[in-house]
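Enquirer:
Residue numbers (this note's numbering), protein chains in the order written: chain S, 1228 to 1631; chain L, 2 to 231.
#1: Quick one: residues in its chain with C-beta nearer than 6 Å to the C-beta of residue 1513(S), no 5 flanking neighbours on either side, listed in chain order?
#2: Answer with yes or no whether the minimum CB distance from residue 107(L) to chain S is below 9 Å.
#3: What is the DSSP secondary structure of residue 1609(S), reduced to helix, strand or coil?
#4: Looking at residue 1326(S): is its Cβ nearer than 9 Å to the Cβ of residue 1435(S)?
#5: For the segment 1564-1577 of chain S and the segment 1529-1541 of chain S, state whether three or more C-beta atom pairs, one from each stretch, are separated by less than 8 Å.
#6: At which residues does the alpha helix (DSSP H) containing residue 1519(S) begin and terminate?
#7: Determine the chain S residues that contact residue 72(L) at a beta-carbon separation under 7 Å, and present them in chain order.
#8: How big is the Cα-Cα spacing for residue 17(L) and residue 1262(S)?
#9: Between which residues of its own chain and residue 1497(S) is the CB-CB distance below 6 Å, once the five residues before and five after are set aside?
#10: On the premise that residue 34(L) lies in contact with residue 5(L), defined as a C-beta separation below 8 Å, what is that separation, rounded to the nearest angstrom?
#11: Does the separation of the CB atoms of residue 1279(S) and residue 1451(S) fall below 9 Å?
#12: Can you give me the start and stop residues for the beta strand (DSSP E) that residue 54(L) sits inside?
#13: Using a Cβ-Cβ cut-off of less than 8 Å, list which residues of the segment 1233-1264 of chain S approach chain L; keep chain order.
#14: Roughly how far, in whole angstroms, is the beta-carbon of residue 1313(S) from the beta-carbon of residue 1329(S), given that I think they are within contact range, below 8 Å?
#15: Do residue 1397(S) and residue 1405(S) have their C-beta atoms within less than 9 Å of each other?
#16: So with CB distances below 7 Å, who are the chain S contacts of residue 54(L)?
#17: Comparing the C-beta of residue 50(L) with each C-beta of chain S, is any distance below 9 Å?
#18: My understanding is that residue 1483(S) touches residue 1269(S), with C-beta atoms under 8 Å, so please give their C-beta distance in whole angstroms.
#19: Is the CB of residue 7(L) under 9 Å away from at least one CB in chain S?
#20: Following the continuous alpha helix (DSSP H) through residue 213(L), name the residue where it begins and the one where it ends.
#21: Would you mind listing the beta strand (DSSP E) stretches within the segment 1337-1425 of chain S that are 3+ residues and don't spill past its ends, in chain order?
#22: Can you list, in chain order, the residues of the segment 167-179 of chain L whose Cβ is nearer than 7 Å to any Cβ on chain S?
#23: Which residues in chain S have a C-beta closer than 9 Å to the C-beta of residue 84(L)? List them in chain order.
#24: What do you get for residue 51(L), buried or exposed, if any count of 16 or more other CB atoms within 10 angstroms of its CB means buried?
#25: Using the three-state DSSP reduction, which class does residue 1570(S) fall into: helix, strand or coil?
#26: Taking the alpha carbon of residue 93(L) as the point to measure from, which residue in 123(L), 124(L), 153(L) has its own alpha carbon closest?
#27: Would you check if there are 3 or more beta carbon pairs closer than 8 Å linking the segment 1523-1533 of chain S to the segment 1294-1310 of chain S?
#28: Considering only residues of the same chain and omitting the five flanking positions on each side of residue 100(L), which have a CB-CB separation below 6 Å?
#29: Using 9 Å as the limit for Cβ to Cβ distance, is residue 100(L) near chain S?
#30: Please check if any C-beta of chain S sits within less than 9 Å of the C-beta of residue 144(L).
#31: Who are the neighbours of residue 112(L) on chain S, taking C-beta pairs under 7 Å?
#32: What residue does the beta strand (DSSP E) around residue 1451(S) start on, and which one ends it?
#33: Between residue 1231(S) and chain B, is there a C-beta pair that is closer than 9 Å?
#34: Quick test of the definition: if touching needs 3 or more C-beta pairs under 8 Å, does the segment 186-199 of chain L touch the segment 219-229 of chain L?
#35: Enumerate in chain order the residues of its own chain whose CB-to-CB distance from residue 1355(S) is below 6 Å, with the five nearest sequence positions on each side excluded.
#36: Report the rounded CA-to-CA distance for residue 14(L) versus residue 1236(S), giving the unit in angstroms.
The structure is reproduced here in structure tokens:
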């Protein structure tokens, strides 16, 4: 009956109830978006780093991955030494560099013609690579194979199956390349760490090393390492760095800590806006419940005169607040997800961001906590006004109602 | 007189108004036996409604004792007084005070739901009570769809829901026209004939005449009691 009374009371002023629910929904959506934003970039970055399970990045000493054009010499020996370590399960060497697609029929000798397209190339070992996932076609299986992203195909005007004349190691003074090669596009891929609009290709590591000439010989830009199950990542990181003084070893945790430091402004902003939206939700429900209770003091006095306990009167009114909050939170969940998706699409178009990087990430535990907090605040919002109304002197209230 | 259902002894009720006090009831003593129908009459402001509120445990006496079925109503803590109102007295108000969002049947069920009467049982009793007050076919109507007389009938059915020992009615015909008022008087007479003890506060002469005993109040005291023992 209390539920029935609460529902009936909300239905009595449908427009007011609807507006209140919408108000709570907007507040809940904002709260949810702020929660998704606060933890989203960190989670997205973490997922990105761990997409293929590599917890360590080894870079030239003192640099960050692809932060400079510096490379690590003696790549073959370094890779072999790392693979010999019992605490590492996999090591993936990567060389980065620019790859130019030459126009068809470009002369083999003399001054280099302007390229058809320029792409960022990753020289990888296909069996252990952690930079892309195949979208169509085949993976690298031979020395003349090339896997590209869609942006590259558009820029080069190429298709899967085409043979392209490519070159690397461009010398701007001599206007010549260190080496040229004919490669076949065998598949398309999604590159995890590349912006979607950036033309990108992957080719076998030795091929890119050869194409870059002397500056690529036996060199890599980065090694990714996967720690064996059960081993302590930080301990392995420290051991690798001690054993290989030419490299800096960065763990996912270290990288995340650095990112977290850089994103602290975002998190503070999200926290403040989230707190404000929570307060707005609370005030909305409090206002509505207070107005509703004030209109019904006579009705409440009658309930009390009929023998309805104070606790049950409070329960009924708190139920109204809870219904408003829960309905608002439910609509706010849908609204928040839709808004987050829209905002994410806008923010993801920022140039230079990896295609798979998200600003808003739905983390169920955090979202339920936030929406639960909003619902609880809505419930709490009804307690005081209802208790106050249930505690009014019955006879006096009835007398005033009779006079009024 | 049968054993008294209610007994008031030197009851006083004073209100603080600004720095002073106003005495609404000043030393009323009264016994009402089981099955009696008492009409409390008197001019406005003489303390009739206050007396009724004291009997129904919605107000507390400043001095004196109010006993209903032997229980000292004034000494009850709030929770006990609430339970007392739920199970021992039934209230009928001048303005009906039905819950506007509930149907007639739900209004009658309300006190039973509070008393945790099982759903099926309270549905059945609500149906019986509505039939008793002549509204068997109007159970699904909301108060706004009922006339004043019909609303008061629903209010009477609601007051009887938990089989109270005492029915308290405050100007039950005050908002009704003469013909509808007469129907309510007839209904109260039928209720009393069926054994319900009734105390009614009224300005309505026809209602007062229908009661078996008339208590006349003036300035907070009982001026005349037709049922008083010599």
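Where is the CB? At the ideal position from N, CA and C, for every residue including glycine.
These figures come from a predicted structure and were not determined experimentally.
Expert: Short version:
#1: Correct list, in chain order: 1608.
#2: Residue 107(L) counts as touching chain S.
#3: In the structure shown, residue 1609(S) falls within a helical segment according to DSSP collapsed to helix, strand and coil.
#4: Yes, the Cβ-Cβ distance between residue 1326(S) and residue 1435(S) is below 9 Å.
#5: As far as the Cβ criterion goes, the segment 1564-1577 of chain S does not touch the segment 1529-1541 of chain S, which means the pair count is below three.
#6: First-last of the alpha helix (DSSP H) with residue 1519(S): 1491-1522.
#7: Those within 7 Å of residue 72(L) in chain S number zero; the least Cβ separation is about 14 Å.
#8: The alpha-carbon of residue 17(L) is positioned some 54 Å away from that of residue 1262(S).
#9: For residue 1497(S), same chain residues with a beta-carbon under 6 Å away, outside a window of 5 residues either side, are 1261, 1264, 1265 in chain order.
#10: Confirmed, about 5 Å.
#11: Their beta carbons are under 9 Å apart, which means residue 1279(S) touches residue 1451(S) by this criterion.
#12: Boundaries around residue 54(L) are those of the alpha helix (DSSP H), 49-56, since no beta strand (DSSP E) includes it.
#13: Cβ contacts with chain L come from 1235, 1236, 1238, 1239.
#14: So it is not a contact: roughly 46 Å between Cβ atoms.
#15: Residue 1405(S) sits close to residue 1397(S), with the two beta carbons spaced by under 9 Å.
#16: What residue 54(L) touches in chain S: 1622.
#17: So yes, residue 50(L) belongs to the interface.
#18: That pair is a contact at about 6 Å.
#19: Residue-level contact by beta carbon fails for residue 7(L) and chain S, as no gap is shorter than 9 Å.
#20: Going by DSSP, residue 213(L) is part of no alpha helix (DSSP H) at all; its letter is neither H nor E.
#21: Listed in chain order, the complete beta strand (DSSP E) runs (minimum 3 residues) inside the segment 1337-1425 of chain S are 1344-1351, 1359-1364, 1372-1375, 1390-1395, 1406-1418.
#22: Look at the segment 167-179 of chain L: it has no residue with a C-beta under 7 Å from a C-beta of chain S.
#23: The contact set of residue 84(L) on chain S, defined by CB atoms closer than 9 Å, consists of 1534, 1536 in chain order.
#24: Answer is buried; the Cβ neighbour count reaches 16.
#25: Helix, per DSSP.
#26: When the alpha-carbon of residue 93(L) is set against those of 123(L), 124(L), 153(L), the nearest one is in 153(L).
#27: Counting Cβ pairs under 8 Å, fewer than three are found: no touch.
#28: The answer, listed in chain order, is 108.
#29: Between residue 100(L) and chain S, the shortest Cβ-Cβ separation is below 9 Å.
#30: No, its Cβ sits nowhere closer than 9 Å to a Cβ of chain S.
#31: Neighbours of residue 112(L) across chain S, judged by C-beta separation under 7 Å: 1533, 1534.
#32: Residue range 1449-1454 is occupied by the beta strand (DSSP E) that includes residue 1451(S).
#33: Included in the structure are the protein chains S and L, with no chain B among them.
#34: No: the two stretches stay apart, fewer than three of their Cβ pairs being nearer than 8 Å.
#35: 1317, 1319.
#36: Approximately 35 Å between the Cα atoms of the pair.
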